[in-house]
Amino acid sequence: MDRHGRSMRVEPERTRRQLRTAGFSDIHDCSIRVGFTPWSEDRHERDVALWFGAGFSRAIKALSYGPMSLYLTMSIKDIDLLCEAVLDDLRTARYKAYCRIKALLITNRLEADHTSFFVGADRLIPPPLKTPVHGQPPMLNC
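Here this note's numbering is used: the first residue of the sequence shown is 26, the next is one more, and so on.
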């Protein structure tokens, strides 16, 4: 994506500057390892992986169609085949695939409101509920 001027990189210092400019202070961050499948021996990590994997498997095609068709000129059929191959690889027990999610805890200087966010490429995404409710994703621990 860098070749097309659409960086997918997480830039912590840039994000901190943007948050400070927006009036936030007391910014703390952590990196969370989240598996695509429940391979961890830790029960909480397995629960998080089940939710994350389910969401990822439903989102991968939607996340891929735009960039791969526009910038790589791939057909929808080829994108579908590639996404299915990725999901097949992730489902095999021989791989312990995970990604790192950058999480921020910030305090708004004016409201003193503590709020967590996940950092995407250039956007802040609110996290799932902090208190697990039946049928809701578990809390991510920082």
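Ideal placement from N, C-alpha and C gives every residue a C-beta, glycine not left out. Nothing here was measured: the structure is a model prediction, and the numbers come from that model.
- Message: Please report the distance separating the alpha-carbon of MET99 from that of MET93.
- Response: 6 angstroms
- Query: Applying the criterion that 16 or more other CB atoms from any shown protein chain within 10 Å of the CB defines a buried residue, is ILE101 buried or exposed?
  - Reply: exposed
- Task: Report, in whole angstroms, the separation of the C-beta atoms of ILE52 and ILE131, which I expect to be a contact under 8 angstroms.
- Result: 5 angstroms
- Message: Taking only three categories from DSSP, how would you classify VAL73?
- Response: helix
- Query: Starting from ARG41 and walking both ways along the beta strand (DSSP E), at which residues does that stretch end?
  - Reply: Looking at the DSSP string, ARG41 is not in any beta strand (DSSP E); the run it does join, the alpha helix (DSSP H), is 37-46.
- Query: What's the gap between the Cα of LYS86 and the Cα of TRP64?
  - Reply: 24 angstroms
- Message: Which of the three DSSP states is assigned to SER32 in this structure?
- Response: coil
- On the three-state DSSP scale, how would you describe TYR90? helix
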